[in-house]
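> If you scroll down you'll find the structure; I have some questions about it.
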Amino acid sequence: MSSSPPVEVVAGVICDARDRILLARRTEGRDLAGLWEFPGGKREPGESPEAALARELHEELGIEANVGAPLIAVPQAYPHKRLRLDVRRITSYRGTPKGLDGQALAWVPPDKLASYAMPPADRPVVAALRQPDRYLITPAPGDDDDAWLTGLDRALDAGIVRLQLRLHGVDRERRHRLVAAAVLRGEAAHAEIIVNGDLALAREFGIGLHLPAAQLREHDARPVGNKVALSASCHDEAELLSAERLGCDFAVLGPVRATPTHPQASGIGWTSFSRLREATSLPLYAIGGMAPADIGEARRHGAQGIAAIRSLWPLPIG
């Protein structure tokens, strides 16, 4: 991996009247030729990201673009270079996009983006467009199942659409009952339910599976089908690469800050998070002392969003 400063690259998310998103295909003779990417290019010294993106879109596509809010910034390492991909939404534009450099263009429905072969830095951009920015991890249910289910109901009512059932210390019969109740609630709310560390329950209920870091070493192949989510907890580069090889759809990386759940673990901080982000193309959630107010900071360091227990659970946690 290169130790040189990252190349600053800008890219835009351009939508048409049918909410399709524009992709451009990298031409022959370039790095990663033939792969599809969000249109943009290198930022020149002294240019703001907004000015650089407007210039690149004019030069490459022949449009006059109004550059909007940041979506995500993805640091990514390649064998001979590092880059930072700063992605912005394009709020409007004048003109009809054309491949002025000979590049093929495609207008792609959002739900088809993942089927296009892309450079590693672009994969987290697709996740930022398509997947939730909050990943709730449930607290232990304690002695009161009804209170725990009430908390689950309130979280779903508040808009949580991806949640992990973390049922440590719960006996098998009770765990089965709680997962069954959670799955019914998730289906009614169109939310994605993922169970922590229990492959048998994931397969029985047809739900996603979250692998604690220790379980990454127990599997040689993806343990669940592609129609449900597979995620993992990661703390270093080796675990991230293991999660990627196993076919995980996303990972949780941290702790960014120390937390009551793991007070013995000091936080890695955003700088280390960003460097670890460079090692993988997996969508990542930042965990460890995270709250909804941290989503913007998380995305500036390449995260999909945040994963949390306390700040996303709607009831007090003892």
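Adding 2 to a residue's 1-based position in the sequence shown gives its number in the working numbering.
Glycine included, each C-beta is placed from N, C-alpha and C at the ideal position.
Please return the same chain residues whose Cβ sits closer than 6 Å to the Cβ of residue 293, not counting the five positions on each side in sequence.
Within the same chain, residue 293 has close Cβ partners 313.
> According to the Cβ coordinates, are residue 243 and residue 282 closer than 8 Å?
Contact flag set, yes.
> Would you kindly check if the distance between the Cβ of residue 212 and the Cβ of residue 234 is under 8 Å?
Taking 8 Å as the Cβ cut-off, residue 234 and residue 212 qualify as a contacting pair.
> Let's see if you can read the secondary structure: which residues bound the alpha helix (DSSP H) around residue 88?
Here residue 88 belongs to no alpha helix (DSSP H); instead the beta strand (DSSP E) covers 83-96.
> Quick check on the DSSP output: what are the complete alpha helix (DSSP H) runs of length 4 or more inside the segment 97-177, in order along the chain?
Runs of the alpha helix (DSSP H) inside the segment 97-177: 125-132, 147-159.
> Between the C-alpha atoms of residue 240 and residue 64, what's the straight-line distance to the nearest angstrom?
Computed Cα separation, rounded: 43 Å.
> Under a Cβ-count criterion, where at least 16 other Cβ atoms within 10 Å of its own Cβ denotes burial, should residue 280 be classed as buried or exposed?
Looking at its Cβ environment, which holds 16 or more other Cβ atoms inside 10 Å, residue 280 is buried.
> Going residue by residue through the segment 185-247, where are the continuous alpha helix (DSSP H) segments of at least 4 residues, counting only ones entirely within it?
Runs found: 201-207, 215-218.
> Look at residue 232 and residue 255 and say whether their C-beta atoms are less than 8 Å apart.
In this structure, residue 255 does not lie closer than 8 Å to residue 232 by Cβ.
> Going by DSSP, what residues sit across from residue 17 in a beta bridge?
23.
> Are there 16 or more other CB atoms within 10 angstroms of the CB of residue 307, so buried, or fewer, so exposed?
Result: buried.
> Where does residue 310 land, buried or exposed, given buried means 16+ other C-beta within 10 angstroms?
Burial call: buried.
> What does DSSP give as the partner residues of residue 252 in its beta bridges?
Per DSSP, 233.
> Are the CB atoms of residue 248 and residue 218 within a distance shorter than 8 Å?
Yes, Cβ-Cβ distance for residue 218 and residue 248 is below 8 Å.
> Check the DSSP bridge columns for residue 289 and list the partner residues they point to.
Beta-bridge pairing links residue 289 to 309.
> So who's on the other strand from residue 74, going by DSSP bridges?
DSSP output for residue 74 lists 89 as bridge partner(s).
> Which full runs of the beta strand (DSSP E) of 3+ residues lie inside the segment 24-51, going along the chain?
Counting whole runs of 3 or more residues, the segment 24-51 contains the beta strand (DSSP E) stretches 42-44.
> Would the segment 66-78 count as touching the segment 149-156 if we require 3 or more Cβ pairs under 8 Å?
They do not touch, by the three-pair rule.
> Any idea which residues DSSP pairs residue 79 with across the strands?
Answer is 84, bridged to residue 79.
> Give me the DSSP bridge partner(s) of residue 66.
Its beta-bridge partners are 96.
> Please classify residue 299: does DSSP put it in a helix, a strand, or coil?
Helix.
> Based on Cα-Cα distance, which residue from 167, 174, 125 lies nearest to residue 193?
Checked all of 167, 174, 125; the closest Cα to residue 193 is 167.
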